[in-house]
Every structure is written in structure tokens, then in C-alpha cells.
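Protein chains in written order, with this note's numbering: chain C, 69 to 315; chain G, 1210 to 1466.
A quick write-up on the structure given underneath.
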């Protein structure tokens, strides 16, 4: 208990400073509303249903884009490692597209899919895809060939080897790639929501900011940050659980 | 024979890229989709060349690059300093460890409206936004790197009469450099991604703002040529970081690979 208190004391100090600075007149309260005002605004956003409604919209688009990115990315990465023609076809494209700052694709998605959920999902999907492809490809390529040969020699079909040897062996690297993709998906979703508007927490934050409702805007920023932080923590736990078979 | 094989492999690498570009051109010219949704590759390249010659493109690209690199440099300097400070000072570690472990996975992009509120919509806000987004990976990498420097190496240097300043600049920093550099290589693309988002959201000059304007005016060749230009800039930056790494770490075993 005391150890935890000592560890998290800095956060408490920051919270205190946040409360005190505007109250003591060190910063203007409209540039940084006191923490208590932000907390009050947060309760207001929650009670009005805005936070839940926009949060659910964000969550839906994030899960759809990230989920699609993981499924397609893992499949593509493993196929690249497993079938030479796929590798020769896809690898150069991956390499040439990888350095493209993914946020630049949001306007194209808006041109193609309009101002709506589809553009947000597609932006998240494209942002997550390449890191997952590369991690699955590297993971599957790094599989010990002896394992593959023994499984084949023991009479396993190629498909079974793929599912039962290659995929599990590539799993640690895939999971690390997905963690990067998770962080990227938040960036792209919030960016797309800023630009497309209409719905989502990113839209809520920028709407409140433009309207000058700064305590509520800060409440939204804190919410998105907290969701991103806890999503990462949750993912780390999931990762530990999925890799529990490793020594 | 080995040369032939390498050459064939090199050519094969381009086949799929050329095939994709050809498919793009054919699909666009056959009007499978409207020219508005997908302008032909040749149209996009002609537009790109035109914008370069007319002098419309390069100042914008230069501005974006300047902001992204300024933000990245701030993040690099602050991140390395803070990371080393955390590794060396128990007080700094006590205070910053929880803040960094929250800041690293947090989606920093959500702070964009806060940066607009505090710093306006001009260079300062855009540069600081990129720096804020890129600084955490640098802190964590520098911290881990400084922790990882072998004690034995530091002790030998001390016993040979190195001063504390020398110890930091001539022993600890070079030993920590490979890992710090890995952090920088993570941070640079983040700075560029966030810079472009900031420009798109805040408007003004710079390639991000330009692309959004072109999108609003339904100028799709403009949008696509902007993206091609950003892609080229991104590739050059990634390659440049690899080259600098090889240059800086010539003495390191990794360079021999």
C-alpha cells in the first residue's frame, strides 16, 4: 500500500499542480481549467450521454479497422513467408509503401468513401496493416526449419503445419506487431475523427474546443488518453496470457 | 552466376511495383472507376512534375519537413537528456517513471486541440505537437540504453582516471548509442505522421494543409500527387536514418553484419 502510494505520488503531485496553477492565477483558467472543473465537466458529459455515444462510435470503428488489419495482415504476412510467389509479389509493395506516413491516406479515404464511418475504418485498417504484415512475415520466416521439416516428415499436411507449427511459433512477433498497430490505430482514428467529424471522441474533443468549452474539452482529452493507456495495458495482459505456454 | 541471380532478384523486386502502376493506369484509363476517384498514374505524375516546376510543391514540402524535423530534434534532445537523467538520478526516476509509463502508450494525438488552445495554429503548435508525440519512445529507449551500459566498462574508465564528464560523453553515450538510435528511428516516422495530421487539422501552408484543401476542392490529381510526394519524403527520411546509423556506429559490431 505504501509502496503503491510512493510510486503514484508523482501523479498526485501533477494533479495537485493542475488544480492549483489556475486557482492561484499562475495560468489563465480558460487555458487550463482546474482539474476539479474538468472532473465536473466529465460527469456532465457522462450524464448527458455524449461521452458514451461518441465513445461507442469510436470503439466500433477502432475495433473494425484494427480487427480487419490484424486478420488481413497476419494472413498476408504468413502467406508471404510460406509461398514464394506471394512473397515476390507483395514484399516489394510492402517495402515501398512502408515509409509512407499513413495519416496522409485519410484524405484519399474521404475522397473514396465519403465523410463517414467507412473512411475512418479504412484509415485505421490501412494504418495497421503494414506493421502487422511485416511482423507476421518476420515471425513466420524466423520459424525453425527443423520444426517444419519434422512435422512434414511426421506426415502433417502443409496446411496443418501452417496452423499448428508456423502460426504459434510466429505468435510472439505477431503480438508485438499488433501492439504497434494498436497504438497506430488510435492515432489514425482520432485524426480521422478530427478531419471527418460527425461522430467519435476525436470529433467531440475538437467540437468542444472550437466552441470554447474548454473544461469539457480537457475532459474528452483525458478520456481518450486514459482509454488508449488502458487498452495498451489490457493488451499486454492478453499478450502475457497468450504466450503463457512459453517458458 | 551469383551476379545473374542477384540481378534477376533485383528485377523481380520491381515487377510487382511496375505491375501495380500499370494496373492503376489501365483501370483509370478504362474508366472502370471515375477519374475523380482514381486519376491515372500518368496524370498524377504530370501534375507532380507541373507543381514542382511551377514552384508550388517544394515550399510546402520543405515547410512540412522543417516542422517535422524541428519537432523531432526537440524530441531527440529532450528525450535523450530525460532518459539519461532518469537512469542516473533516483529522484528523477521516482517522479518521471509513472508519468513516462502513462505517456508512452497514451494517444498523444488527442492533445491536438489543447496545443491549438495553448499555442495557436501556426508553426509553434505544429512543431510542439510533433515533438510531444515523438518524445516518449526516445525517453524510454535512452533510459533503457543508459541502464544497460556495462558497469565494468564505467569502472575501468574511472580507474583509468576519466572524469565524470568524460565518462558521460566518451564512454556512456557511445555505449548507449545503438539503442538510443533505435528509439530515434521509431520517433521520426511518428513525428512525420503527427506533423501531417496537425497540418491537416490546423490548415495553413505545408503539404498536409494543401492536401486537405485539394480534397475539399475535389482536386483528386492534387491529392494523389501530394501523397506521392509525401511518400518520397518519408522514404528518404527512413533511408537517411539508416545511413546515419551506419555512419555513427561504424565502430559497433552491428556494422559488420
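Glycine residues also receive a C-beta, built at the ideal position from the N, C-alpha and C atoms.
{"Query": "Neighbour list for residue 187/C in chain G, Cβ cutoff strictly below 7 Å", "Result": "In chain order: nothing, as chain G lies at least about 11 Å away."}
{"Query": "Residues from the region 135 to 168 of chain C in contact with chain G, defined by Cβ distance under 9 Å", "Result": "156, 157, 158, 159, 160, 161, 163, 164, 165, 166, 167, 168"}
{"Query": "Coil, strand or helix - residue 1263/G by DSSP", "Result": "coil"}
{"Query": "Beta carbon of residue 1246/G nearer than 8 Å to that of residue 180/C", "Result": "yes"}
{"Query": "Rounded distance between the beta-carbons of residue 145/C and residue 13/C, thought under 8 Å", "Result": "One cannot answer for residue 13/C here, as it falls past the ends of chain C, which runs 69 to 315."}
{"Query": "Touching by the beta-carbon criterion (3+ pairs, under 8 Å), the region 262 to 278 of chain C and the region 1318 to 1325 of chain G", "Result": "yes"}
{"Query": "Any chain C beta carbon closer than 8 Å to residue 1344/G", "Result": "no"}
{"Query": "At least 3 beta-carbon pairs within less than 8 Å: the region 213 to 231 of chain C vs the region 243 to 259 of chain C", "Result": "no"}
{"Query": "Any C-beta of chain G under 8 Å from that of residue 263/C", "Result": "yes"}
{"Query": "Cut-off 6 Å between Cβ atoms - residues of its own chain near residue 158/C, not counting five sequence neighbours on either side", "Result": "148"}
{"Query": "Meets three-Cβ-pair contact criterion under 8 Å: the region 1338 to 1357 of chain G and the region 1383 to 1391 of chain G", "Result": "yes"}
{"Query": "Reduced DSSP category for residue 1414/G - H, G, I as helix; E, B as strand; rest coil", "Result": "coil"}
{"Query": "Nearest candidate by alpha-carbon position, reference residue 1381/G, set 1277/G, 1232/G, 1294/G, 1270/G", "Result": "1294/G"}
{"Query": "Continuous alpha helix (DSSP H) stretch holding residue 108/C: start and end", "Result": "103 to 116"}
{"Query": "Pair within 8 Å by beta-carbon distance, residue 189/C and residue 133/C", "Result": "yes"}
{"Query": "C-beta neighbour in chain C for residue 1254/G, strict 8 Å", "Result": "no"}
{"Query": "Within-8 Å CB hit, residue 79/C to chain G", "Result": "yes"}
{"Query": "Any chain C beta carbon closer than 8 Å to residue 1268/G", "Result": "no"}
{"Query": "Residues near residue 1341/G in its chain [Cβ-Cβ closer than 6 Å; skip 5 each side]", "Result": "1317"}
{"Query": "Straight-line Cα distance separating residue 1447/G from residue 275/C", "Result": "35 Å"}
{"Query": "Residue 1372/G versus residue 89/C - alpha carbon distance", "Result": "41 Å"}
{"Query": "8 Å Cβ cutoff, residue 300/C in contact with chain G", "Result": "yes"}
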